[in-house]
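Residue numbers (UniProt numbering): 1 to 700.
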């Protein structure tokens with residue numbers, strides 16, 4: 001019953017805002033369904049909304065996605081309806097990562113009618129030097145309460161948010177997404193603690209929200225339900241997309257588990273074909289009831305399997321026209337699936353018109369697949385995923401094994417592309433396990449390299465691998481110095497091998513190394529961002545100064561260091577020899593001596609040593625060429641600014657006058673025209689203005 005003692009909580013997970021947002025057909029699916037979820041929250045007058053992670057599909061969502069999310073939250077969650085429950089716990093502990101460590105509806109500057117509590121998932125988890133995520137933006141704006149964060153890899157203490165409505169009290173626990181293997185190890189080592197209130201601990205309804213693998217993906221790549229504390233009453237499990245929202249009991253631990261699943265189809269797999277629901281949870285005292293609410297705006301997804309070997313009367317692999325017969329059979333199946341979709345849509349006008357269709361064809365037994373691309377052209381206007389309608393696969397023949405406990409037929413019954421989700425760390429480890437000896441890692445460990453590649457791929461930490469290599473190299477060098485190893489290659493290799501094996505056994509130390517390397521990479525990225533911002537400001541200043549110089553016919557236009565057209569050598573000045581470069585400052589119309597005395601100098605910012613070494617390599621490899629040479633165009637763009645000073649450019653209008661006076665000024669006019677974009681045809685026998693720079697200086 002709905003009364004003053006009953007909590008009403010709307011539960012949803014894995015909304016994945018922004019999934020396929022650039023798709024012309026499916027681009028708005030996630031936003032439409034999110035609005036439907038919040039509509040249900042308003043109509044049912046819930047006390048709060050509880051989200052189980054992956055609100056966003058991307059770690060760095062686009063402006064369109066963030067804008068649409070803010071629009072929906074402001075429209076549905078702000079209003080005058082009073083919030084009926086109170087918070088008893090220390091909010092400074094519950095929201096200690098936030099700059100505003102209190103629940104949003106208690107903020108005097110906000111008018112919140114439906115609070116939203118959410119943990120982060122593996123798609124929108126905190127990253128970067130400041131460990132921020134997209135949910136922190138919503139939290140700072142006061143539209144969402146982000147909880148369940150934990151940065152420590154050594155020990156996790158989960159402190160609950162204590163809620164009370166009338167005589168009903170809820171202890172809300174949350175744990176955002178953590179790499180499964182790390183969390184598995186922490187549970188095994190008893191490093192995860194769930195704190196309980198001291199007073200009347202048996203009178204609380206204990207609700208836990210988690211975002212991890214529930215189904216076993218590997219030896220330690222999941223979290224068994226038995227790891228969770230037995231005092232819990234209900235566990236809301238995010239990350240798994242198959243909808244199993246009805247609470248299922250865990251007999252061993254004595255709690256119930258609800259798996260709401262995703263609200264959008266993100267993969268064409270059997271689990272996604274189950275009808276999507278959200279849950280309306282009623283809690284009174286220690287009793288609960290879960291009401292399923294079907295989502296009407298979710299795009300329909302139908303899936304069927306065909307095994308060609310099961311139809312010997314229809315398909316004979318020796319028949320030359322068997323491929324055409326298979327294609328006709330598949331078309332008939334797809335038409336039947338589309339008819340079923342049309343019948344379902346009759347009672348639901350809010351459902352998107354074009355469905356998702358998947359037909360998996362097992363062509364084991366000597367059959368050949370037909371052209372999927374040509375087949376998909378026939379359904380471009382009727383199906384939302386025309387390119388993915390047909391999926392061909394076949395079983396690999398398994399060698400006989402003595403282990404009778406395993407049914408290998410079941411292991412290969414699903415196609416590899418739709419089987420277990422492969423992780424980058426697993427792929428790296430698998431590669432090095434099967435690689436030849438000459439490409440095996442001798443200094444790094446597979447685990448550390450896998451973590452670095454994972455950061456590079458998922459979080460766009462471009463310096464992750466480089467920083468890990470540097471860190472491991474420094475540590476190994478220190479180890480060899482401490483051991484005072486003899487300078488013999490065999491002994492050094494043996495010591496390095498022993499050191500690597502000891503690190504592989506000490507997983508906690510290895511995690512610490514990877515974390516330190518990632519911290520370095522993030523700090524390095526932050527420094528690069530500052531340099532880029534500073535360069536942009538200087539470029540704007542350069543443009544302004546250039547405009548001022550062009551407007552004055554009597555004075556040479558002085559340019560400061562910049563990244564625009566004024567940077568590097570001019571087009572006609574490429575290919576000069578190094579001595580000419582040094583004396584004439586890349587042929588920019590005046591010598592460095594004149595530049596230093598004629599105008600104020602803008603000193604270039606320090607360039608990282610990494611860029612210097614790259615430029616040294618470029619200069620050492622740079623070929624000698626003529627004035628009009630067009631080789632190594634990238635050399636104009638990637639340049640070392642450390643040797644740039646102010647240069648003066650003679651205005652084009654004055655060149656003809658100066659050509660008639662002296663030969664040295666004629667050379668300057670030639671260079672000025674080059675910088676203005678005028679190119680001269682040059683032969684090897686022609687006069688080179690860069691060869692007599694010293695004479696030019698004396699004449700000047």
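For glycine and all other residues, C-beta sits at the position ideal for the given N, C-alpha and C.
Inter-residue Cα distance where the pair is residue 40 and residue 249: In a straight line, the C-alpha of residue 40 is about 27 Å away from that of residue 249.
In DSSP terms, what residue 332 is bridged to: Partner residues in a beta bridge of residue 332, as assigned by DSSP, do not exist.
For residue 489 and residue 404, the rounded distance between their alpha carbons: Low confidence applies to residue 404: its pLDDT is 48, below 50, so where it sits in the model is not reliable, and the reading given next is rough at best. Using only the alpha carbons, I get a separation of about 49 Å.
Three-state class that DSSP yields for residue 92 in the structure shown: It is helical.
C-beta atoms of residue 177 and residue 218 nearer than 9 Å: In this structure, residue 218 does not lie closer than 9 Å to residue 177 by Cβ.
Beta-carbon proximity of residue 711 to residue 210, cut-off 9 Å: Shown here, the chain extends from 1 to 700; a query on residue 711 therefore has no answer.
The stretch 136-153 in contact with the stretch 238-246 per 3-pair CB rule at 8 Å: The stretch 136-153 vs the stretch 238-246: no contact.
Nearest to residue 352 (by Cα), restricted to the options 15, 33, 11, 22: Looking at the Cα atoms, 33 is the closest of the given residues.
For residue 215, the three-state DSSP class (helix, strand or coil): Residue 215 falls in the coil class under three-state DSSP.
Residue 450 - containing alpha helix (DSSP H), residue span: Where residue 450 is concerned, the enclosing alpha helix (DSSP H) stretches over 446-458.
Presumed contact (8 Å Cβ cut-off) between residue 471 and residue 517, rounded CB distance: Contact flag correct, Cβ pair sits at about 4 Å.
DSSP three-state assignment for residue 321, whether helix, strand or coil: Residue 321 falls in the coil class under three-state DSSP.
Burial state of residue 354, where buried means 16 or more other Cβ atoms lie within 10 Å: By the 10 Å Cβ count, residue 354 comes out buried.
Local Cβ density within 10 Å of residue 259, reported as buried at 16 or more and exposed below that: Label assigned to residue 259: buried.
Neighbourhood of residue 401 by C-beta distance below 6 Å, restricted to the same chain and skipping five residues each side: With a pLDDT of only 49 at residue 401, under the threshold of 50, the placement of this residue in the model should not be trusted, and no figure is reported.
9 Å Cβ cutoff met for residue 383 and residue 346: Contact annotation: residue 383 and residue 346 have beta-carbon atoms that are not nearer than 9 Å.
Residue range of the alpha helix (DSSP H) that includes residue 477: From DSSP, the alpha helix (DSSP H) with residue 477 extends over 464-483.
Identified DSSP bridge partners for residue 519: In the DSSP assignment, residue 519 forms no beta bridge with any residue.
C-alpha distance - residue 473 paired with residue 427, whole-angstrom precision: Going from the Cα of residue 473 to the Cα of residue 427 covers about 23 Å.
Of the residues 98, 6, 388, the one placed nearest residue 163, counting alpha carbons only: Measuring C-alpha to C-alpha distances from residue 163 to each of 98, 6, 388 identifies 6 as the nearest.
Between the CA atoms of residue 458 and residue 29 - distance to the nearest angstrom: A straight-line Cα-Cα distance of about 24 Å links residue 29 and residue 458.
For residue 132, the residue or residues it bridges with in DSSP: DSSP output for residue 132 lists 127 as bridge partner(s).
Sequence-distant residues of its chain with Cβ nearer than 6 Å to residue 68 (five each side left out): Same-chain partners within the cutoff: 31.
Neighbourhood of residue 452 by C-beta distance below 6 Å, restricted to the same chain and skipping five residues each side: Excluding five sequence positions before and after residue 452, the CB atoms of its chain that fall closer than 6 Å to its own CB belong to 464, 465, 468, given in chain order.
Contact under 9 Å by Cβ, residue 278 with residue 441: It is not a contact, given that the beta carbons lie outside the stated cut-off.
Whether residue 447 touches residue 519 by CB criterion (9 Å): Result no, Cβ atoms of residue 447 and residue 519 do not sit closer than 9 Å.
Sub-9 Å separation of residue 103 and residue 145 beta-carbons: The beta carbons of residue 103 and residue 145 sit closer together than 9 Å.
Straight-line gap, residue 502 to residue 493 (C-alpha atoms, nearest Å): Going by the C-alpha atoms only, they are around 14 Å apart.
Sequence-distant residues of its chain with Cβ nearer than 6 Å to residue 303 (five each side left out): Contacts found: 273, 358.
Burial state of residue 24 (16 or more Cβ within 10 Å): Under the 10 Å beta carbon count, residue 24 is surrounded by fewer than 16 other beta carbons and is classified as exposed.
Assumed close pair residue 93, residue 115 - CB separation to whole angstroms, cut-off 8 Å: Not a contact, Cβ separation roughly 18 Å.
Between the CA atoms of residue 500 and residue 429 - distance to the nearest angstrom: C-alpha separation (whole angstroms): 15 Å.
Cβ-based burial, residue 165 [other Cβ within 10 Å; buried from 16]: A buried status is given to residue 165, since no fewer than 16 other beta-carbon atoms sit within 10 Å of its beta-carbon.
Span separating the alpha-carbon of residue 313 from that of residue 360: Spanning the two alpha carbons is a distance of roughly 20 Å.
Boundaries (first-last residue) of the alpha helix (DSSP H) holding residue 37: It spans 29-43 - the alpha helix (DSSP H) in which residue 37 sits, taken as one unbroken run.
Cut-off 6 Å between Cβ atoms - residues of its own chain near residue 138, not counting five sequence neighbours on either side: Taken in chain order, the residues that qualify are 144.
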